[in-house]
Structure formats: structure tokens, C-alpha cells
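Undergrad: In my numbering, the protein residues as written are 355 to 563. Right, I'll just put the structure down here and ask away after.
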């Protein structure tokens with residue numbers, strides 16, 4: 355499930371923080387019922403702790419990982435201004451990924467005669483708007499990373515979500531060269547390559563009573 359950008363950013367973050375985990379390669383399509391045993395929404399990622407608690411949604415899992423790491427090693431900056439900057443970039447990337455998923459759903463799960471082109475175009479406008487703002491942030495950064503002088507959750511999330519959008523929608527990054535270069539730099543790192551899986555068209559979950 356590393357083709358899920360949400361799962362992927364959690365896996366990369368855990369690896370960077372030295373947190374070992376067992377990965378189960380379950381699909382929200384074919385393994386929907388199994389996933390729902392841990393996540394009522396049937397969504398990934400889910401992190402099952404040693405005490406049996408299941409943490410659902412990537413933002414919650416990332417917060418838990420940072421808590422385990424402590425403020426000095428946390429991937430989301432602690433200092434107020436840096437934290438706000440990182441969260442803003444994460445929000446933009448998350449919005450782009452969410453709207454990209456809407457485009458994929460419209461294309462994959464709806465019969466052609468029921469697809470609504472104006473809705474798809476609206477989603478694409480939102481995706482492009484978010485990517486353009488991320489491109490400006492990448493072009494304006496002072497150093498190698500988006501916030502401060504070390505990799506943060508902003509870099510991880512922006513790279514994972516932008517890669518997903520470019521492959522799944524699909525959408526060219528030619529109009530956002532600074533973003534494209536930053537994502538390529540991140541994707542060249544071993545930890546990003548370790549948890550990369552190319553996008554493949556999902557299959558619908560089976561109907562349940």
C-alpha cells in the first residue's frame with residue numbers, strides 16, 4: 355500500500371525516526387473488510403500499537419511518532435513560526451492530494467455517462483492552485499529544505515503527495531519547476547525509494563450489507 359501517499363509519508367517518517375514497524379500489504383479494495391477490523395472507515399494507514407490501540411489517519415500517526423521521538427527529533431517543527439510554515443505547506447499538499455483523489459474516483463469508479471466534467475475541472479483547478487503555491491515556496495526557500503535547515507514533515511508530505519498527484523491524476527509538473535526539482539531531490543533519497551510503489555488503478559471495495 356505504499357502507492358497510498360498517506361501510508362507512504364507515515365512509513366518514511368517512521369523510518370527516519372528509527373521506529374520499526376510491520377507492514378501488511380493490504381489493499382483498501384480487496385482487503386476492505388480486514389482493514390475495517392482496525393479502522394471503522396476502512397482507510398489506510400492504520401498503526402496498531404503494542405497495547406492493541408489502533409491509530410487511524412496519517413496525521414494522528416505522525417503526531418504519535420513525533421511524541422515518541424521528542425521535540426529535538428520531531429519532524430514537525432516545535433518553534434511557532436517554523437511550525438506554522440510547515441503546517442501551511444502540509445495543508446496545501448494535502449488539499450492537492452485530496453482533490454487529486456476526487457479526480458481519480460470520478461474516472462475510475464463512475465460510469466462514463468455519469469461523470470461530471472465541470473466537477474473534475476474544478477478539482478483540477480484546485481490541484482493546480484495548490485501546486486503553484488508550493489512551487490513558489492520551493493523557489494523562495496533559502497536552503498535545501500522547505501522549512502529550516504533540516505528535512506521536516508513539510509518536505510516529506512509535499513514530496514509524497516506531489517508524486518501521487520503527478521502519477522495518479524496524472525498531472526505534469528512542467529509548470530512548477532521549483533516544486534518538481536524539490537520533489538525529485540527528495541525522491542532520490544534511499545528512504546523515499548525504499549517506500550515507493552508506482553500508482554496503480556484501484557479496484558472498488560466489495561459491496562457490504
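Don't be surprised by glycine CBs; every beta carbon is placed ideally from N, CA and C.
1. Would you kindly check if the distance between the Cβ of residue 412 and the Cβ of residue 399 is under 8 Å?
2. Can you tell me the Cα-Cα spacing of residue 506 and residue 450, whole angstroms?
3. Report the CB separation of residue 367 from residue 441 in whole angstroms; it is logged as a contact under 8 Å.
4. Residues in its own chain within less than 8 Å of residue 497 by CB, not counting five upstream and five downstream?
5. Taking the alpha-carbon of residue 547 as reference, which of 474, 373, 392 and 514 has the nearest alpha-carbon?
6. Are the Cβ atoms of residue 550 and residue 359 separated by less than 8 Å?
7. Going by the beta-carbon positions, is the gap between residue 414 and residue 370 smaller than 8 Å?
8. So the beta strand (DSSP E) residue 429 belongs to, where does it begin and stop?
9. I think residue 436 touches residue 512, with their Cβ atoms under 8 Å apart; what is that distance to the nearest whole Å?
10. How would you write the range of the beta strand (DSSP E) that residue 400 sits in, first residue to last?
11. Mark residue 448 as exposed unless 16 or more other C-beta atoms lie within 10 angstroms of its C-beta, in which case mark it buried.
12. What are the residues that DSSP puts in a beta bridge with residue 410?
13. Helix, strand or coil for residue 552 per DSSP?
14. May I ask which residues mark the beginning and end of the alpha helix (DSSP H) holding residue 509?
15. Pick from 521, 553 and 510: whose alpha carbon is nearest that of residue 540?
16. So, at 8 Å on beta carbons, what are the nonlocal neighbours of residue 526 in its own chain, with the 5 sequence-adjacent residues on each side left out?
17. Pull up the distance between the alpha-carbon of residue 362 and that of residue 470, whole angstroms please.
18. Out of curiosity, what's the CA-to-CA distance linking residue 417 and residue 537?
19. Which parts of the stretch 471 to 508 are runs of the alpha helix (DSSP H), unbroken and 4 residues or longer, counting only runs that do not cross its ends?
20. Report the residue from 545, 457, 462 and 467 whose alpha carbon sits nearest the alpha carbon of residue 479.
21. Provide the residue span of the alpha helix (DSSP H) that contains residue 370, from first to last.
TA: For this structure:
1. yes
2. 19 Å
3. So it is not a contact: roughly 15 Å between Cβ atoms.
4. 503
5. 514
6. no
7. no
8. Per DSSP, residue 429 belongs to no beta strand (DSSP E) and is neither H nor E.
9. Between residue 512 and residue 436 the Cβ distance is about 15 Å, and since that is not below 8 Å, they are no contact.
10. 400 to 402
11. buried
12. 400
13. coil
14. 507 to 522
15. 510
16. 520
17. 30 Å
18. 23 Å
19. 471 to 494
20. 457
21. 359 to 370
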